[in-house]
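>
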């Protein structure tokens, strides 16, 4: 099933663009969730042969990235009763273009780096970079705090893809630790978001710029 | 001798004015008379006021000791006595002016202010001159500077010596408060420097001051004369020439006083700066 | 504290007697060695430090009583001791790190004691300026010692290997800025007037008398590392000295606040010291031992003397301040009747600082003069020109100082009091008078018996330039003549005074009011005020002083009461530095928008940094 | 044993949830700190096994850091007890627990010998410190926490990416891709350089964000400004230190790979830039806690600058690591006392601290002199060593800029500090009930005396340890 890797990665990239283009928060979150699930499947595909902890990682990944976190975020927006991202710092279209540009750039950049033989021609590295770039774009252009969490999630997804390149190098428990950290991180963010909502009765970061020179 | 100079000056001026004038020895009579008088003090004053004249006279005397008269070595001479020479006058000035301020009178304060202000400009002029002399004689003692050795100094540094003697002459006029800087016998206090400082002094004190002033004139005069007439040969002739020179100097001062008008106070600094520049130019000449 | 100081003096005198004593312990800090060495130069300074601080602390008992200053009395005493300790340490340190430690202890303790009354706004501002200046100095010293280490490879005050010209130049410039700031050489004097003015008087005495000399010590110490300095070093230092001297005294003349005035005179005297140092440098680069001996001897002796008479002046000024609670010269007057001893002390100090015989100031200035004249008699043109311009400059400085001190002494002590407070002033307590008496005595001692100190100076000269140990100061300078004539002068003055007294006893003198040329109602306000006294001179120097003169013309039959006033701010500080600082602050304000609270912007910074680094690679 | 050091605080943290009383609970902190300190000293001084399996272990570098951190935390915990008791009506259960957890994670991060493990530990430090910032639960602290968390997480994410790159460079080098530091250092010469460089950039930016190097420092003023003073001290002395330790480890790998020039230049640039930014923001800074934050930025800059210069600079910056941490302890804790007393962080409302709080005010002033590098305090020697190294390396421009920055910082900082310390205390402050107590003052005094000690006497064992650590980093045994 190794030949599935390429197509899956392309889908991931498409989701990146979708994330950049859409304004409805629910859609954004769902997209990120789907991306998470895809990553879980990718884990199996990248790794030839079958091993128990590989399956474990897959399951945990799908659970964390595809179910738990998106669920939390969805609840958050339900409580906050916000539907969509109004006017981001950069419009959706330019954002989309930037994303596409970034993806192209990461393809080129990955060329410059000498790849190990098994990854030559594989999309893993460029996809990782493109996803990281997407995450950054979301983080820096969106106004809603929740959206920034999503951006962070996407960023992590990109890094996860990079991690796939050295599945053998990274011991099991470290993987677990990373996933756990991610989860707890998002969890704490969720708590803070909750406080923010109660404090300012909104999740707009405009309220969060009181501290400045 | 010092007071005689005053007499000569007086005579000259009288002659210019077409009068007979007071006798040559008149200043002596004045001083003696003053010394006999009783004294009057302002109740504002303190001991500083009484100290003023004494210090003035003593310092003048000490300065006189350092001066080589007419080509003869000074009674006291050592490396760097020229500094002592200049600073002794400084000490005298300090106390004279302090005494003036002691009276708390506006006019005397004014006089003191002018005195110190102008001395700030005469001192550099004096030292420029001294530098030239050091340069020419290669020595740091007045006796060798303007002593016997001065003769051949004229050969290689003549031009600058002329400049120096001229600027020293201006210094002399200023220090001894003569026209064109100050008018010793005007009647308007506002225009005076030295005289107004000593307004409140009377009797013996005034006498001391008069004598000290004359002595100062004599000392500076002797330096100027020596530089101008660097004769060194037969000692007696030396004395004679020196005396003659002093008389000429006195007459010259008299002439200046009776021909020139007193400068406005604002213009005096310009004159003095000019004096500084003259001797500075003298340095540049010997620098070649 | 006094006891400790006395012990210090004894120790230092021993050190003078014996060849250079020294401790050398390991000191486990990077580059540190606890190396204490007292050579001729250090000894001079040590004695002075302990002497002045001992006297000052006695004075403080009367001047800064715990009962009068419950809040900061103890504090001031503590830091007073710390300043002394720091100075003693840095003067004896043979290791640069140790030097820095002493230096900074001194600087910080000085800051803390001069801001003793930090509830006053001006004191706080002054303290700030002082602290900034002293920090700049410290940083220059950091750099200088770093270069020195790079050049010599060790942390001691000893050039183990010859220093390259480039490094030497860097060291010179850094030293001039660093030590010059502390010493208050003219363009770098900005902190000095305010600090001296608003510190407690015995602290000002210590600062002006000793602390700023630490800058001089540093210069001397650093220059001693260079056996063959280039010619222009000496000329540069000489020039700095002239500028500092002339402008310092010019600023002094124009002051109304007598402590500020004294502070500017410190700038002037530092100038004179620098002139001496410059002569010594010239001499060293020419290998002319006479110049070295005269210049350095004069400079160091003047360091000493200035410590004495400036200490004396500040202490007596403090006693006036203590009695009248004003620093305005034009509010004083007639104090000679009310506080005779203070007046006498101030008079002695004034005569000394003007460099008039027979007091100590004259001796040191004489040495510097001799050095200048000698350098003027040297063959080389470029060189003797500097000397030739130096001597008249020194003469000008002397004359100006005389004018200034006649003015301030006259205005403060003579004439009639100009204000009510002044009229009710009383003489200060014994604690205040005794130290002044001691200092005055020293002024006379050094002035009349200069040959006593000559050997000490010789030792210092040897320590400074070991390779040029030709001539003894006694041989070069007419010290015996000076003491002879000085003694005679004093004698003559006493005799004259006796004569006058007898004369007066014979002919009883009558006392009347001052003759005021027929004015109807002469009053104290008609006296010549200090600003009027200085008017002409300030005018002469207006190009540098930039005085703000208000000279209202009084027209009409019955003009309103008007006053002639002229105020001179510190040009360098108020017209150059502060505006520049404000400009810089405004420029920095402009960057504030970077930190504007928007998370997105912050994350963008991170992204940009990443990209920049990637492309830079 | 090393594991114990990690577990003690974690267990006590769990215990913190069990204890009911709001006043008794804080006692757990000094207890935990003391226990940790004792354990650490046993480990360092005694010859207990210096490794715990392959994952934890001590090497010359983290020995120094571990000892320093343990001491820092102990003193802060003593202070914390006094602080928390002085605010009885503020719930402190979560605070205490996460403070202890923070200690545990710090220890783990220090002891970790594995790339991924260290990352996990540092990330957990970030997370466990988030509640600390949110102690006094007001909107401002909420915003600060949010920024701290998100920026920190992004930074740490980049660090993770960097770790992956590093691993990939090993993979590409075609060797066993174990991510233990000793293996990486050992096989460094075979690492593929393009990947290595990319990795270093990412790691530097990532952990630099945690250190608070400009321009990734933006969370710092907000966090330090709003958090309680002792949290500021712990972050400025502890978390940043650990992040710096991480940077050092990767620097060590680079120098082992003989590809260190670009890292050096990068560090010098970022270091100077951080100092410059700090200087700019310190001038006319009206909020004395934010000022301390910028001072921390400045000193992080000095640290990396020293490493970038190399030579004696590395020793200098390791020494500065300790000096800065201790001095920051003085400043933050003293500032916290002043804040408690005056109830404001603005200079406009705060003056005359030295009259109102004689001890705290004096300590604050002394700490200021210390942090600006005045002898005879410790930081002087470290800063001077770095300067010396720069001059000796012939990098005069770097040295000059360094000094200029120090001067500007001093000018800005002194204005604020003097305004706080000098003058007449406001009526409000006179009225306030706050008084210096043993627990709130003693730790500061200890901090200051340590700083002073390092200024007049660096214990030979310490300097030996530092020298070996410096050699260890530069890979010249």
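Chains as they are written, first to last, in the working numbering: chain B, 606 to 818; chain X, 1032 to 1319; chain V, 602 to 1218; chain F, 87 to 563.
Glycine is no exception: its CB is placed at the ideal position from the N, C-alpha and C atoms.
Note that this is a predicted model, so its numbers are computed, not measured.
#1: Between which two residues does the beta strand (DSSP E) harbouring residue 827 of chain V extend?
#2: Could you check whether the region 140-153 of chain F touches the region 326-346 of chain F, counting it as contact only if at least three pairs of C-beta atoms, one from each stretch, sit closer than 8 Å?
#3: Against chain B, which members of the region 1191-1202 of chain V pass a CB distance test of less than 7 Å?
#4: What does DSSP give as the partner residue(s) for residue 1112 of chain V in the beta ladder?
#5: Counting only the same chain and skipping the five closest in sequence on each side, list residues whose C-beta sits under 7 Å from that of residue 350 of chain F.
#6: Would DSSP call residue 110 of chain F helix, strand or coil?
#7: So, under 8 Å CB-CB, residue 465 of chain F and residue 553 of chain F are touching, yes? Tell me the CB distance rounded to an integer number of Å.
#8: CA-CA distance, residue 693 of chain B and residue 486 of chain F?
#9: Just to confirm before moving on: does the CB-CB distance between residue 908 of chain V and residue 639 of chain V stay below 7 Å?
#10: Look at residue 1146 of chain V and residue 1169 of chain V and say whether their C-beta atoms are less than 7 Å apart.
#11: Would you please verify whether the beta carbon of residue 502 of chain F is less than 7 Å from any beta carbon of chain V?
#12: Quick one: list the residues of chain F neighbouring residue 692 of chain V, beta-carbon separation under 7 Å, in chain order.
#13: What are the partner residues of residue 929 of chain V, as DSSP defines its beta bridges?
#14: Does the beta carbon of residue 564 of chain F come closer than 7 Å to any beta carbon on chain B?
#15: Three or more C-beta pairs under 8 Å: does that hold for the region 461-475 of chain F against the region 409-416 of chain F?
#16: Which residues share a DSSP beta bridge with residue 1149 of chain V?
#17: What residue does the alpha helix (DSSP H) around residue 1140 of chain X start on, and which one ends it?
#18: Is the beta carbon of residue 669 of chain B less than 7 Å from the beta carbon of residue 784 of chain B?
#19: Measuring alpha carbon to alpha carbon, tell me which of X/1263, X/1153, X/1313, X/1206 ends up nearest residue 1244 of chain X.
#20: Using a Cβ-Cβ distance cut-off of 7 Å, determine whether residue 103 of chain F contacts chain B.
#21: With DSSP run on the structure shown, which of helix, strand or coil describes residue 432 of chain F?
#22: Is the beta carbon of residue 1200 of chain V sitting closer than 7 Å to the one on residue 233 of chain F?
#23: Determine the DSSP secondary structure at residue 563 of chain F, reduced to helix, strand or coil.
#24: Near residue 524 of chain F, which residues of its chain fall below 6 Å by C-beta distance, leaving aside the five closest residues on each side in sequence?
#25: Are the C-beta of residue 142 of chain F and some C-beta of chain B separated by less than 7 Å?
#26: Taking residue 797 of chain V as the reference, which of V/789, V/807, V/788 has the closest Cα?
#27: Rounded to the nearest angstrom, what separates residue 366 of chain F and residue 132 of chain F at their Cα positions?
#28: Between the beta-carbon of residue 443 of chain F and the beta-carbon of residue 522 of chain F, is there less than 7 Å?
#29: Using CA atoms only, rank isn't needed, just tell me which of V/971, V/772, V/1198, V/721 is closest to residue 825 of chain V.
#30: So residue 1138 of chain V contacts chain X; which residues on that side make the cut at Cβ distance below 9 Å?
#31: List, in order along the chain, the chain V residues whose C-beta lies closer than 9 Å to that of residue 1141 of chain X?
#32: Expressed to the nearest angstrom, what Euclidean distance is found between the alpha-carbon atoms of residue 1115 of chain X and residue 372 of chain F?
#33: If you run the structure through DSSP and keep just helix, strand and coil, what is residue 30 of chain F?
#34: Can you pull the chain F neighbours of residue 1259 of chain V, defined as C-beta to C-beta under 8 Å?
#35: Which of the residues in the region 729-743 of chain B, read from start to end, lie with their CB under 7 Å from any CB of chain V?
#36: Tell me whether the beta-carbon of residue 835 of chain V lies closer than 7 Å to the beta-carbon of residue 879 of chain V.
Taking the coordinates as given:
#1: Careful: residue 827 of chain V lies outside any beta strand (DSSP E) and carries neither H nor E.
#2: yes
#3: 1193, 1196, 1197, 1198, 1199, 1200, 1201
#4: X/1072
#5: 394, 396
#6: coil
#7: That belief does not hold up - the Cβ atoms of residue 465 of chain F and residue 553 of chain F are roughly 19 Å apart, past 8 Å.
#8: 44 Å
#9: no
#10: yes
#11: no
#12: Correct list: empty, because the minimum Cβ distance to chain F is about 16 Å.
#13: V/858
#14: In this structure chain F extends from 87 to 563, so residue 564 of chain F is not present and cannot be described.
#15: yes
#16: V/1168
#17: 1137-1168
#18: yes
#19: X/1206
#20: no
#21: strand
#22: yes
#23: Because the pLDDT of residue 563 of chain F is 39, which lies under 50, any placement of that residue in the model is unreliable, and the number read from its coordinates should be weighed accordingly. The answer is coil: DSSP assigns residue 563 of chain F none of H, G, I, E or B.
#24: none
#25: no
#26: V/807
#27: 47 Å
#28: yes
#29: V/772
#30: 1144, 1147, 1148, 1151
#31: 1129, 1133, 1134
#32: 60 Å
#33: Chain F is shown from 87 up to 563; residue 30 of chain F falls before or after that span and cannot be answered.
#34: Residue 1259 of chain V lies beyond the stretch modelled for chain V, which goes from 602 to 1218, so this question has no answer here.
#35: 741
#36: yes
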